[in-house]
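Trainee: The listed protein sequences correspond, in order, to chains A and B.
Residue 77 in full-length UniProt numbering sits at position 77 of the first sequence; the count goes up by one each step and never skips.
Residue 61 in full-length UniProt numbering sits at position 61 of the second sequence; the count goes up by one each step and never skips.
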Amino acid sequence: MDQFTLNLIFVGASFALYIGIAIWARAGSTADFYAASRGVNPIVNGAATAADWMSAASFISMAGLIAFVGYGNSSFLMGWTGGYVMLALLLAPYLRKFGRYTVPEFIGDRFYSQTARVVAVICLLVISITYVIGQMTGAGVAFSRFLEVDNLTGLLIAAAVIFAYAVIGGMKGITYTQLAQYIVMIIAYTIPAVFISLQLTGQFLPQIGLFSTHLESGQPLLQTLDQVLVELGFNDYTGQHTSYFNMFLFTMSLMVGTAGLPHVIIRFFTVPKVSDARKSAGWALVFIALLYTVAPAVGAMARLNILTTIYPDGTTAQPISYDERPDWMRNWELTGLLAFEDKNNDGLIQYYNDRDPAFAEIAAERGWEGNEMVTFNQDILVLANPEIAQLPGWVIALIAAGGLAAALSTAAGLLLAISSAISHDLLKSTLTPGISEKAELLAARISMAFAIALATYLGANPPGFAAQVVALAFGLAAATLFPAIMMGIFSTKMNTAGAVSGMVVGLVATCLYIFTYLGWFFIPGTNMLANTPENWFFGISPLSFGAVGAAINFLVAYVVMTQTKEPPAEIQELVESIRIPRGAAGAVDH
Amino acid sequence: MSEKSYSDAYWKANLKVIYICMAIWALVSFGFGIVFRPLLKGIPVGGTDLGFWFAQQGSILVFIALIFFYTWYMNRLDRKFGVDEE
Chain A
1 MDQFTLNLIF
11 VGASFALYIG
21 IAIWARAGST
31 ADFYAASRGV
41 NPIVNGAATA
51 ADWMSAASFI
61 SMAGLIAFVG
71 YGNSSFLMGW
81 TGGYVMLALL
91 LAPYLRKFGR
101 YTVPEFIGDR
111 FYSQTARVVA
121 VICLLVISIT
131 YVIGQMTGAG
141 VAFSRFLEVD
151 NLTGLLIAAA
161 VIFAYAVIGG
171 MKGITYTQLA
181 QYIVMIIAYT
191 IPAVFISLQL
201 TGQFLPQIGL
211 FSTHLESGQP
221 LLQTLDQVLV
231 ELGFNDYTGQ
241 HTSYFNMFLF
251 TMSLMVGTAG
261 LPHVIIRFFT
271 VPKVSDARKS
281 AGWALVFIAL
291 LYTVAPAVGA
301 MARLNILTTI
311 YPDGTTAQPI
321 SYDERPDWMR
331 NWELTGLLAF
341 EDKNNDGLIQ
351 YYNDRDPAFA
361 EIAAERGWEG
371 NEMVTFNQDI
381 LVLANPEIAQ
391 LPGWVIALIA
401 AGGLAAALST
411 AAGLLLAISS
421 AISHDLLKST
431 LTPGISEKAE
441 LLAARISMAF
451 AIALATYLGA
461 NPPGFAAQVV
471 ALAFGLAAAT
481 LFPAIMMGIF
491 STKMNTAGAV
501 SGMVVGLVAT
511 CLYIFTYLGW
521 FFIPGTNMLA
531 NTPENWFFGI
541 SPLSFGAVGA
551 AINFLVAYVV
561 MTQTKEPPAE
571 IQELVESIRI
581 PRGAAGAVDH
Chain B
1 MSEKSYSDAY
11 WKANLKVIYI
21 CMAIWALVSF
31 GFGIVFRPLL
41 KGIPVGGTDL
51 GFWFAQQGSI
61 LVFIALIFFY
71 TWYMNRLDRK
81 FGVDEE
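Listed below in structure tokens is the structure:
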């Protein structure tokens with residue numbers, strides 16, 4: 001059976017499964033649609049949260065991000081997991097006790113203000129829409145690569161599948177498809193990783209293999225990797241090459257941003273009890289860690305594998321000739337994600353850091369005229385992993401299904417956050433308050449269809465800033481929603497004026513800072529300062545600004561609060577009651 | 001004790017355990033993984049040092065342990081103060 005047929009079978013079977021689940025888990029009420037009637041087992045919710053959270057970026061790109069920077073990009077690992085500690089300890093249990101359906105609903109009720117609610121809706125829409133564009137483009141790319149259809153067709157198939165289970169099933173359908181998607185993802189990610197680890201180190205667990213002896217060289221794997229990289233003029237893998245300050249701030253921004261992402265927070269509204277919300281966050285992190293502790297091993301091992309493939313006899317000997325390159329390189333050259341250029345016409349592949357002045361002398365001596373692996377897209381690391389490890393075709397098909405599962409599950413979670421903000425926060429509570437339960441459910445479904453159409457349109461015509469939008473989404477989640485929710489729980493005295501001005505200032509400051517360096521609305525050439533460390537205010541990278549935005553939000557909110565009226569007594573009592581688990585079941589119906 | 005002072009005591013106990021957990025959370029990630037990494041240079045772990053291990057593995061494992069510890073502790077605290085869900 002050829003690879004294409006295998007891919008088709010695996011992807012087709014996984015889609016049939018998702019749609020089957022959707023029909024089984026139809027939503028019959030708004031409680032079903034928004035929160036799966038709060039009947040989700042905390043462990044199931046943990047797996048669903050993990051799928052909801054781990055996007056195409058986590059599945060496909062993260063190992064590559066770490067592989068090509070090394071230690072410096074550990075921020076992604078710590079940041080994207082550490083946020084769950086904040087969620088479990090600071091937000092999730094109290095929001096579950098409050099017992100509402102959306103994040104803006106909490107902010108609106110806690111700060112007794114429609115204005116606060118509408119500001120929160122605006123923040124939510126900006127965060128979730130920017131985030132969903134990347135998921136839709138990711139799904140389109142994965143489709144076109146594995147099923148050999150063009151990008152737009154791929155995108156439309158993805159939209160149709162999401163439509164089927166998200167519009168019919170709402171949160172209930174999404175929860176159980178996410179559980180299935182998690183299982184597909186984790187199997188697809190782990191199998192090639194285990195094989196690579198066995199081949200390189202003889203260790204079954206990649207997490208152990210990363211710190212074990214490299215069989216071929218007889219010394220620790222990371223030491224070999226450092227050595228080979230330095231010999232070719234690259235930075236060593238385990239060393240620190242960026243500023244500690246920015247690494248600190250970037251990690252903090254990712255953590256606070258993770259805890260403030262609305263599509264993640266609403267998953268904790270689906271469990272029956274407050275204690276389940278805490279437990280569920282723990283399970284979510286277990287399921288996330290299964291992938292996140294493997295990713296750095298995949299990154300380091302794949303990078304070493306590529307280096308030793310090109311230099312089979314060591315870096316001081318000749319590299320392989322272009323004609324003898326392995327099959328996986330030939331396959332990926334066809335996609336344009338990998339490209340070679342024989343600059344000195346010797347028929348060999350020279351791969352080294354040609355920007356390193358010290359190595360330039362060695363290169364000149366050996367008659368090298370520049371790095372000849374001119375394109376190496378980082379995503380190849382995960383996508384080509386099964387081929388590099390010479391695994392059978394069904395593993396490649398599994399990676400295709402896994403990549404699509406990652407993109408679809410995150411897109412569905414985001415679309416639910418968007419549609420419930422529109423139908424529940426804008427229509428039901430602001431524009432047409434008299435609307436019946438049945439009409440609201442219909443409105444929720446129509447909003448979902450509308451959100452899918454918008455996301456598909458934006459996915460097909462991405463505004464040309466795919467990578468930066470993630471920074472904006474995290475920065476804004478950190479600078480707007482997280483501080484507002486946290487102050488709403490931990491301060492009985494925080495009032496409307498404080499919370500609203502905190503969110504608005506956080507939103508504006510973060511947008512301004514990011515746009516200053518990356519261009520107004522990311523339009524190239526409109527940035528006011530070049531995005532280089534010398535220009536950064538106090539050396540703060542625009543990607544790391546979320547943590548600063550959050551600090552500004554807290555500060556502004558506190559100062560305004562001290563100058564304005566205390567919240568009414570019943571709001572202070574409300575805060576006291578959120579803090580106590582007892583009575584959460586009663587909060588289900590409202 | 002009145003109901004009000006009772007729930008205040010519960011909240012205080014909760015805050016205390018949150019402070020402790022968040023201190024450990026910061027120590028293993030921002031501390032061992034980033035800022036204090038140079039101090040841990042002397043402790044070798046598989047071809048690199050302990051700081052690298054914390055940054056890429058250890059911090060995540062400690063995060064999981066922290067959440068489950070907090071869940072277990074709070075379930076006990078909820079029962080002790082009689083505010084648990086039946």
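In this text, a Cβ means the ideal position worked out from N, Cα and C, and glycines have one as well.
What's the call for His590 of chain A, buried or exposed, on a 16-neighbour Cβ count within 10 Å?
Mentor: A caution first: His590 of chain A carries a pLDDT of 42, below 50, which makes its placement in the model too unreliable to give a value.
Trainee: Ile578 of chain A and Tyr94 of chain A: beta carbons closer than 9 angstroms?
Mentor: Cβ atoms of Ile578 of chain A and Tyr94 of chain A: closer than 9 angstroms.
Trainee: Closer than 7 angstroms by beta-carbon distance: list the chain A residues that pair up with Glu85 of chain B, in chain order.
Mentor: By Cβ distance, chain A contributes Lys273, Val274, Ser275, Pro581, Arg582, Ala584, Ala585.
Trainee: Residues in the same chain with beta-carbon distance under 8 angstroms from Thr375 of chain A, minus the five sequence neighbours each way, listed in chain order, please.
Mentor: Cβ neighbours of Thr375 of chain A beyond the five flanking positions: Gly336, Leu337, Leu338, Ala339.
Trainee: Counting only C-beta atoms, is Gly42 of chain B closer than 9 angstroms to chain A at any point?
Mentor: Not one chain A Cβ lies under 9 angstroms of Gly42 of chain B.
Trainee: Give me whichever residues DSSP pairs with Leu348 of chain A in a beta bridge.
Mentor: BP columns for Leu348 of chain A point to A:Ser321.
Trainee: Use the C-beta contact count for Asn535 of chain A: other C-beta atoms within 10 angstroms, 16 or more gives buried, fewer gives exposed.
Mentor: Exposed is the call here.
Trainee: Does the stretch 68 to 84 of chain A come within contact of the stretch 318 to 335 of chain A, defined as at least 3 CB pairs closer than 8 angstroms?
Mentor: Touching, no.
Trainee: Determine contact between the stretch 199 to 219 of chain A and the stretch 419 to 432 of chain A, defined as no fewer than three beta-carbon pairs at a distance below 8 angstroms.
Mentor: Taking 8 angstroms as the limit for Cβ pairs, the verdict is that the stretch 419 to 432 of chain A does not touch the stretch 199 to 219 of chain A.
Trainee: Assign Met301 of chain A to one of two classes, buried (16 or more other C-beta atoms within 10 Å of its C-beta) or exposed (fewer than that).
Mentor: Buried, because 16 or more other Cβ atoms sit within 10 Å of the Cβ of Met301 of chain A.
Trainee: Can you name, in chain order, every residue of its own chain whose Cβ lies under 7 angstroms from the Cβ of Asn344 of chain A, other than the five neighbours on each side?
Mentor: The answer, listed in chain order, is Gly367, Trp368, Glu369.
Trainee: Between Gln178 of chain A and Asp342 of chain A, what straight-line distance do the alpha-carbon atoms span, to the nearest angstrom?
Mentor: Their backbone Cα atoms lie some 46 angstroms apart in a straight line.
Trainee: Output the boundary residues of the alpha helix (DSSP H) element that contains Ala339 of chain A.
Mentor: No alpha helix (DSSP H) holds Ala339 of chain A; the beta strand (DSSP E) holding it covers 338 to 340.
Trainee: Quick one: which residues of the stretch 18 to 37 of chain B get their C-beta closer than 8 angstroms to a C-beta of chain A? List them in chain order.
Mentor: Taking 8 angstroms as the Cβ-Cβ cut-off against chain A, the residues of the stretch 18 to 37 of chain B that qualify are Ile18, Cys21, Met22, Trp25, Ser29, Phe30, Gly33, Ile34, Val35, Arg37.
Trainee: Going along chain A in order, which residues have a C-beta closer than 7 angstroms to the C-beta of Leu66 of chain B?
Mentor: Residues of chain A passing the Cβ test: Val85.
Trainee: Whole angstroms are fine: how far does the CA of Ser217 of chain A sit from the CA of residue 598 of chain A?
Mentor: The first residue shown for chain A is 1 and the last is 590, placing residue 598 of chain A beyond what the model contains.
Trainee: For Asp379 of chain A, count the other beta carbons within 10 Å of its own beta carbon; 16 or more makes it buried, fewer makes it exposed. Which is it?
Mentor: Flag for Asp379 of chain A reads buried.
Trainee: When DSSP builds the beta bridges, which residues end up paired with Met373 of chain A?
Mentor: BP columns for Met373 of chain A point to A:Phe340.
Trainee: Check whether chain B comes within 9 angstroms of Gln350 of chain A, counting only Cβ atoms and requiring the distance to be less than that.
Mentor: No, Gln350 of chain A lies away from the interface with chain B (no Cβ there is under 9 angstroms from its Cβ).
Trainee: Quick check: Arg455 of chain A and Ala159 of chain A, are their CB atoms within less than 9 angstroms of each other?
Mentor: First, the residue type needs correcting, since residue 455 of chain A is Ala and not Arg in the sequence shown. Contact flag set, yes.
Trainee: Alpha carbon to alpha carbon, how far is Ser253 of chain A from Thr5 of chain A?
Mentor: C-alpha separation (whole angstroms): 43 angstroms.
Trainee: Between the alpha carbons of Met561 of chain A and Gly257 of chain A, how many angstroms are there, rounded?
Mentor: Met561 of chain A and Gly257 of chain A: Cα-Cα distance of roughly 24 angstroms.
Trainee: Nearer than 8 angstroms: is that true of the beta carbon of Tyr513 of chain A relative to any heavy atom of the ligand HEM?
Mentor: By its list of ligands, the structure shown contains no ligand whatsoever, and the ligand HEM lies outside what it can speak to.
Trainee: Leaving aside the five residues before and after Met74 of chain B along the sequence, list all residues of the same chain whose C-beta is less than 8 angstroms from its C-beta, in chain order.
Mentor: Same-chain partners within the cutoff: Asn14, Val17.
Trainee: What does Glu576 of chain A touch in chain B if you count any residue whose Cβ is under 7 angstroms from its own?
Mentor: Within 7 angstroms Cβ-Cβ: Ser7.
Trainee: Please report the distance separating the alpha-carbon of Ala587 of chain A from that of Pro220 of chain A.
Mentor: Caution is warranted here: a pLDDT of 47 is assigned to Ala587 of chain A, below 50, making its placement in the model unreliable, and no coordinate value can be reported.
Trainee: Taking a cut of 8 angstroms between CB atoms, which residues from the stretch 279 to 293 of chain A lie near chain B?
Mentor: The stretch 279 to 293 of chain A vs chain B, Cβ under 8 angstroms: Lys279, Ala281, Gly282, Leu285, Val286, Ala289, Tyr292, Thr293.
Trainee: Would you list the one or two residues that DSSP bridges to Val45 of chain B?
Mentor: Looking at the DSSP assignment, Val45 of chain B forms a beta bridge with B:Thr48.
Trainee: Cα separation between Ala497 of chain A and Phe482 of chain A?
Mentor: Distance between the alpha carbons of Ala497 of chain A and Phe482 of chain A is about 17 angstroms.
Trainee: Here's the rule: buried if 16 or more other CB atoms are within 10 angstroms of the residue's CB, otherwise exposed. What is Thr130 of chain A?
Mentor: Label assigned to Thr130 of chain A: buried.
Trainee: What is the C-beta distance between Met255 of chain A and Ala51 of chain A, in whole angstroms, given that I count them as a contact (C-beta under 8 angstroms)?
Mentor: Actually they are not in contact, since the Cβ atoms of Met255 of chain A and Ala51 of chain A sit about 20 angstroms apart, beyond 8 angstroms.
Trainee: List, in order along the chain, the chain A residues whose C-beta lies closer than 8 angstroms to that of Ala55 of chain B?
Mentor: Correct list: Tyr71, Ser74, Leu77, Met78.
Trainee: If you run the structure through DSSP and keep just helix, strand and coil, what is Thr130 of chain A?
Mentor: DSSP places Thr130 of chain A in helix when its eight states are reduced to three.
Trainee: Which residues, in chain order, does the stretch 241 to 255 of chain A contribute to contact with chain B at a C-beta distance below 7 angstroms?
Mentor: Hits within the stretch, in order: Tyr244, Met247, Phe248, Thr251.
Trainee: So Gly459 of chain A and Met136 of chain A are in contact, right, with Cβ under 8 angstroms, and what is the actual spacing, rounded?
Mentor: Correct: roughly 3 angstroms between the Cβ atoms.
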